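Asks: Sequences listed follow chains A and B, in order. Just so you know, we're using the working numbering here: the first sequence kicks off at 1 and counts up by one. Just so you know, we're using the working numbering here: the second sequence kicks off at 1001 and counts up by one. Note that CB positions come from ideal geometry on N, CA and C, so glycine has one too. Since this is a predicted model, take the numbers as computed values, not measurements. Below you will find the structure I want to go over with you.
There are 2 protein chains.
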Amino acid sequence: MPTDLRRPQRTYTIRQLCLEFKCTPRALRFYEDKGLLTPARDGMNRVYSYKDRARLKLILQGKRVGLSLAEIGEILDLYDLDDGGAAQMAKSLRKFKERIVALESQREDIDRAINELKVGCNNLEQKLIATRPDLLPRAADYDQMLRQRLDGVEHVGAK
Amino acid sequence: MPTDLRRPQRTYTIRQLCLEFKCTPRALRFYEDKGLLTPARDGMNRVYSYKDRARLKLILQGKRVGLSLAEIGEILDLYDLDDGGAAQMAKSLRKFKERIVALESQREDIDRAINELKVGCNNLEQKLIATRPDLLPRAADYDQMLRQRLDGVEHVGAK
DNA sequence: CGTCTCCTTGACGTTAACGTAAGATGCCGC
DNA sequence: GCGGCATCTTACGTTAACGTCAAGGAGACG
């Protein structure tokens, strides 16, 4: 019978974790340098425990929502202190709310920029219609652009 | 009678432009290094023409909407070629639309992150309510946070 | 024993848009 | 002649999160 790939006693090589979480050995070693991970050793080789894997999962989650490694480190430190208890949760909650506020502010910036750009596009289109309508991008070109963009995304995602 | 500060024949020192557009001499020299500006000289000193001022204005507008200096440079190069004519407008239009697509994608990322964070906040709050409600941030603390944030913004804006 | 593959450490490179001295020049008024 | 101010050039520093070699060890295979 096959070993359960996730049972708590299990250990992982660096490559196994990298494959599972789509990251590179360099990244894991970097996190270790920063004190976010402290895997055991077998001779020279790193041996990641189930707990290390859980920490890595938290690290990557934090990254996805835009937390810096330093901020993630603060949370993980508390994780060590009280083993995922109340203090860590309270700190995470604060960090999360701060991040939400920051992200909402960023989104406002983006919306402003989009509006400014749309105004600019309209101006340019008006002028081009008046002077050189032949230079206006055509619907076909736009479709082409979108298709290229989607192909790119699929390629990255598939590979 | 005072000289019109913006009449086309006017020239500007580096400091005057910096004051007007709230940037630093270092930034203007940097743009010059990158080929975005090419002011005349009076001896060693830079002398910015009305056209230079217009270019700077475009540079800063481009920055506000998130264009890189390299991209802004591409547009400005065309600006030189046909003096603000059709080719430049067509290129700007393309760049603007590309930027809009990129910004909308960024906004989706942000929205996803915000949702993920809100889910996380809810989970954490539930657990804290059950175990350590004393650690929950209170409404008063939240007001305090907002006030500090607003003060910061006003301070920056006013100064 | 040679080769292969995975692992290690160490250390420099990358990117963008400037910041920050350090040291020199030049003009103004006194 | 000198202090003070604006300007100049040159050139290294900053930040984040790794990427990219380089050089070397350890175990497995045939």
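Going by the DSSP bridge assignment, what does Ala1040 (chain B) pair with across the sheet?
Replies: Translated into the one-based positions of the second sequence, residue 1040 (chain B) becomes position 40. B:Val1047, per the DSSP bridge assignment.
Asks: Rounded to whole angstroms, what is the Cα-Cα separation between Glu1032 (chain B) and Ala1054 (chain B)?
Replies: The count along the second sequence starts at 1 and reaches residue 1032 (chain B) at position 32. The count along the second sequence starts at 1 and reaches residue 1054 (chain B) at position 54. Approximately 14 Å between the Cα atoms of the pair.
Asks: Would you report the Cα separation of Asp111 (chain A) and Arg94 (chain A), rounded to the nearest angstrom?
Replies: The count along the first sequence starts at 1 and reaches residue 111 (chain A) at position 111. The count along the first sequence starts at 1 and reaches residue 94 (chain A) at position 94. Within the model, the alpha-carbon separation for Asp111 (chain A) versus Arg94 (chain A) is close to 26 Å.
Asks: Starting from the Cα of Leu1103 (chain B), find the closest Cα among A:Leu81, A:Lys63, A:Gln126 and A:Leu117 and give me that residue.
Replies: Residue mapping note: residue 1103 (chain B) aligns to position 103 of the second sequence, counting from 1. For the residues A:Leu81, A:Lys63, A:Gln126 and A:Leu117, the minimum Cα distance to Leu1103 (chain B) belongs to A:Leu117.
Asks: Using 8 Å as the limit for Cβ to Cβ distance, is Ser68 (chain A) near chain B?
Replies: As a position in the first sequence, residue 68 (chain A) is number 68, starting the count at 1. Ser68 (chain A) does not count as touching chain B.
Asks: If you measure from the beta carbon of Gln106 (chain A) to each beta carbon in chain B, is any gap under 8 Å?
Replies: Position 106 of the first sequence, counted from the first residue, corresponds to residue 106 (chain A). Cβ-Cβ to chain B under 8 Å: yes for Gln106 (chain A).
Asks: Between the alpha carbons of Tyr1012 (chain B) and Met1089 (chain B), how many angstroms are there, rounded?
Replies: Here the question's residue 1012 (chain B) lines up with position 12 in the second sequence. Here the question's residue 1089 (chain B) lines up with position 89 in the second sequence. One C-alpha to the other measures close to 27 Å.
Asks: Evaluate Ala1113 (chain B) with the Cβ neighbour count: other Cβ atoms within 10 Å of its Cβ, from every protein chain shown; 16 or more gives buried, anything less gives exposed.
Replies: Walking along the second sequence from the start, residue 1113 (chain B) turns up at place 113. That one is buried.
Asks: What separation, rounded to the nearest whole angstrom, lies between the Cα atoms of Asn1115 (chain B) and Arg1029 (chain B)?
Replies: Position 115 of the second sequence, counted from the first residue, corresponds to residue 1115 (chain B). Position 29 of the second sequence, counted from the first residue, corresponds to residue 1029 (chain B). The straight-line gap from Cα to Cα measures roughly 42 Å.
Asks: Nearest chain B C-beta to Arg147 (chain A) closer than 8 Å, yes or no?
Replies: Mapped onto the first sequence, residue 147 (chain A) falls at position 147. Not one chain B Cβ lies under 8 Å of Arg147 (chain A).
Asks: So, is the C-beta of Ala1054 (chain B) closer than 8 Å to a C-beta in chain A?
Replies: Taking the first residue of the second sequence as position 1, residue 1054 (chain B) is located at position 54. No, Ala1054 (chain B) lies away from the interface with chain A (no Cβ there is under 8 Å from its Cβ).
Asks: When the Cα of Ser1049 (chain B) is compared with those of B:Leu1136, B:Gln1106, B:Pro1039 and B:Asn1123, which residue comes out closest?
Replies: The residue given as residue 1049 (chain B) occupies position 49 in the second sequence. If we check each option's Cα against that of Ser1049 (chain B), B:Pro1039 comes out closest.
Asks: CB-CB under 7 Å to Leu17 (chain A), same chain, minus the five flanking residues each way: which ones, in chain order?
Replies: Within the first sequence, residue 17 (chain A) is the residue found at index 17, counting from 1. Correct list, in chain order: Leu28, Tyr48, Arg53 and Leu56.
Asks: Which residues does DSSP list as the beta-bridge partners of Tyr12 (chain A)?
Replies: Here residue 12 (chain A) refers to the residue found at position 12 when the first sequence is read from its first residue. Looking at the DSSP assignment, Tyr12 (chain A) forms a beta bridge with A:Tyr48.
Asks: Write down every uninterrupted run of the alpha helix (DSSP H) in the region 1072 to 1107 of chain B whose length is 4 residues or greater and which is fully enclosed by it, in chain order.
Replies: none
Asks: List the residues of chain A that Val1065 (chain B) touches, going by C-beta distances under 7 Å, in chain order.
Replies: On the second sequence, position 65 is the one that residue 1065 (chain B) refers to. Within 7 Å Cβ-Cβ: Ala113, Glu116 and Leu117.
Asks: Quick one: what does DSSP say Lys1034 (chain B) is sitting in, helix, strand or coil?
Replies: To locate residue 1034 (chain B), count along the second sequence from 1; it is residue 34. In the structure shown, Lys1034 (chain B) sits in coil (DSSP, three-state: anything other than H, G, I, E or B).
Asks: Does any residue of chain A have a CB that is nearer than 8 Å to the CB of Gly1120 (chain B)?
Replies: Working through the second sequence from its first residue, we reach residue 1120 (chain B) at position 120. At a cut-off of 8 Å between C-beta atoms, Gly1120 (chain B) counts as an interface residue with respect to chain A.
Asks: Quick one: Cα of Thr1024 (chain B) to Cα of Arg1015 (chain B), how far?
Replies: Translated into positions along the second sequence, residue 1024 (chain B) becomes position 24. Translated into positions along the second sequence, residue 1015 (chain B) becomes position 15. Each residue's Cα considered, the two are about 8 Å apart.
Asks: Considering Cα atoms alone, identify which of B:Leu1135, B:Leu1058 and B:Gly1085 is closest to Ile129 (chain A).
Replies: As a working note, residue 129 (chain A) is residue 129 in the first sequence. Of the listed residues, the one whose Cα sits closest to Ile129 (chain A) is B:Gly1085.
Asks: Using a Cβ-Cβ cutoff of less than 7 Å, which residues in the same chain neighbour Arg1041 (chain B) once the five nearest sequence positions on both sides are dropped?
Replies: Taking the second sequence and counting its residues from 1, one reaches residue 1041 (chain B) at position 41. Val1047, listed in sequence order.
Asks: Tell me the rounded alpha-carbon separation between Arg109 (chain A) and Gln9 (chain A).
Replies: As a position in the first sequence, residue 109 (chain A) is number 109, starting the count at 1. As a position in the first sequence, residue 9 (chain A) is number 9, starting the count at 1. Per the sequence presented here, residue 109 (chain A) reads as Asp, with Arg not at that position. So the alpha carbons of these two residues sit roughly 47 Å apart.
Asks: Show which residues of chain A have a CB atom less than 9 Å away from the CB atom of Phe1021 (chain B).
Replies: Numbered from 1 along the second sequence, position 21 holds the residue referred to as residue 1021 (chain B). Within chain A, no residue comes near Phe1021 (chain B); the closest Cβ sits about 16 Å away, beyond 9 Å.
Asks: Can you list, in chain order, the residues of its chain with a C-beta nearer than 8 Å to that of Leu37 (chain A)? Leave out the 5 residues immediately preceding and following it.
Replies: The count along the first sequence starts at 1 and reaches residue 37 (chain A) at position 37. Here the set comprises Leu28, Tyr31, Tyr48, Asp52, Arg55, Leu56 and Ile59.
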